[in-house]
Amino acid sequence: MTGRVMADALAHIYTLNHRNALEAVADLDEDKLRWRPPRSNSVGFNLWHIARWADHFQSILSTMTPTLRERIGATPEVWTRGGFAAKWGFVESGLGTVQTGMGMDEDASAKLALPPKVELLSYVTGAFEVADRATRLLRDDDLTQPAELEADRVPWLSSPTQYGTVGIWIATGIRHEARHLGMIEALKGATGLRGTVTV
Numbered sequence: 003m004t005g006r007v008m009a010d011a012l013a014h015i016y017t018l019n020h021r022n023a024l025e026a027v028a029d030l031d032e033d034k035l036r037w038r039p040p041r042s043n044s045v046g047f048n049l050w051h052i053a054r055w056a057d058h059f060q061s062i063l064s065t066m067t068p069t070l071r072e073r074i075g076a077t078p079e080v081w082t083r084g085g086f087a088a089k090w091g092f093v094e095s096g097l098g099t100v101q102t103g104m105g106m107d108e109d110a111s112a113k114l115a116l117p118p119k120v121e122l123l124s125y126v127t128g129a130f131e132v133a134d135r136a137t138r139l140l141r142d143d144d145l146t147q148p149a150e151l152e153a154d155r156v157p158w159l160s161s162p163t164q165y166g167t168v169g170i171w172i173a174t175g176i177r178h179e180a181r182h183l184g185m186i187e188a189l190k191g192a193t194g195l196r197g198t199v200t201v
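Residue numbering for the sequence shown follows our numbering, starting at 3 and increasing by one per position.
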């Protein structure tokens with residue numbers, strides 16, 4: 003049995019981001035979920051974007067190395083399996099890179115008609131659950147392994163030399179989600195609500 007000290011620490015922080023994101027939107031009504039100041043994204047869009055990245059990431063992580071392919075097994079995206087783009091009336095080509103919202107400007111994101119909160123949270127929660135499960139299965143010796151990726155799954159990277167390691171992917175995911183959680187907290191504060199969920 004290999005060690006899990008670092009892997010467990012990273013998984014804890016990663017899953018905590020997801021729990022905090024859900025806590026941050028718990029008290030928001032439909033209007034506050036969708037409100038956005040000029041040149042900014044709404045809380046709802048930030049939440050959807052975090053979930054889409056977690057979902058896409060877990061599907062990549064599940065086959066990132068031969069060991070992970072064996073331990074986790076290929077896990078399709080909840081988004082794809084559930085046909086959410088079609089259900090919600092989204093045009094797939096207008097959802098940014100790999101349908102995650104990456105690369106969408108604020109005007110495009112403002113036109114994205116997100117579903118009612120309960121329906122949005124159903125997808126978000128499901129995406130977080132599979133992503134959290136995948137990260138909890140990591141072991142310390144996985145973290146330094148080179149990431150083996152299919153180019154069409156990571157089209158924003160121009161060369162395999164940019165693929166990095168499993169650990170870099172986890173750390174990047176934590177950093178990315180923390181940034182968007184901060185945006186959610188700031189947007190809540192701008193509406194007069196208490197923003198922070200971390201203290």
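Just so you know, even glycine gets a beta-carbon here, dropped at the ideal spot from N, CA and C.
Looking only at its own chain, which residues have a Cβ that is under 7 Å from the Cβ of residue i, when we skip the five neighbours before and after it?
| i | result |
| --- | --- |
| H182 | N48, H51, I52 |
| I15 | I176 |
| P78 | S61 |
| A219 | No information on residue 219 is available, as it lies outside the stretch 3 to 201 that the chain covers here. |
Which one of the options has the shortest CA to CA distance from residue i?
| i | options | result |
| --- | --- | --- |
| G191 | T17, D29, N19, L18 | D29 |
| G5 | P117, T99, D142 | D142 |
| P157 | L114, S111, Q147, H58 | H58 |
| R54 | E32, K113, N43, V100 | V100 |
| L189 | H20, R36, V7, T67 | R36 |
| A1 | D134, L159, Q164, G184 | Missing from the structure shown is residue 1; the chain here goes from 3 to 201 and no further. |
Residues in the same chain with beta-carbon distance under 8 Å from residue i, minus the five sequence neighbours each way, listed in chain order, please.
| i | result |
| --- | --- |
| L24 | L123, V126, T127, F130 |
| S64 | L70, R71, I74, G75, A76, T77, A136 |
| E32 | P118, K119 |
| W171 | F59, I62, L63, M66, A149 |
Using the three-state DSSP reduction, which class does residue i fall into: helix, strand or coil?
| i | result |
| --- | --- |
| M104 | strand |
| P162 | helix |
| T69 | helix |
| T17 | helix |
| T137 | helix |
| T82 | helix |
| T99 | strand |
| M3 | Caution is warranted here: a pLDDT of 44 is assigned to M3, below 50, making its placement in the model unreliable, and no coordinate value can be reported. |
Only counting the same chain, and skipping five residues up and downstream in sequence, which positions put a Cβ closer than 6 Å to that of residue i?
| i | result |
| --- | --- |
| L140 | A9 |
| D144 | V168 |
| V81 | One detail in the question is off: residue 81 reads as Trp in this sequence, not Val. If we look at W81 and ignore the five residues flanking it on each side, its Cβ neighbours are D57. |
| T198 | E187 |
| T102 | R54, W55, H58 |
Go to residue i, then tell me how far its alpha helix (DSSP H) extends in each direction, as first and last residue.
| i | result |
| --- | --- |
| W171 | 168-192 |
| S61 | 45-63 |
| K34 | 32-36 |
Tell me whether residue i, by its Cβ, gets closer than 6 Å to a heavy atom of the ligand FAD.
| i | result |
| --- | --- |
| G91 | Judged by which ligands are present, the structure shown has none, so any question about the ligand FAD falls away. |
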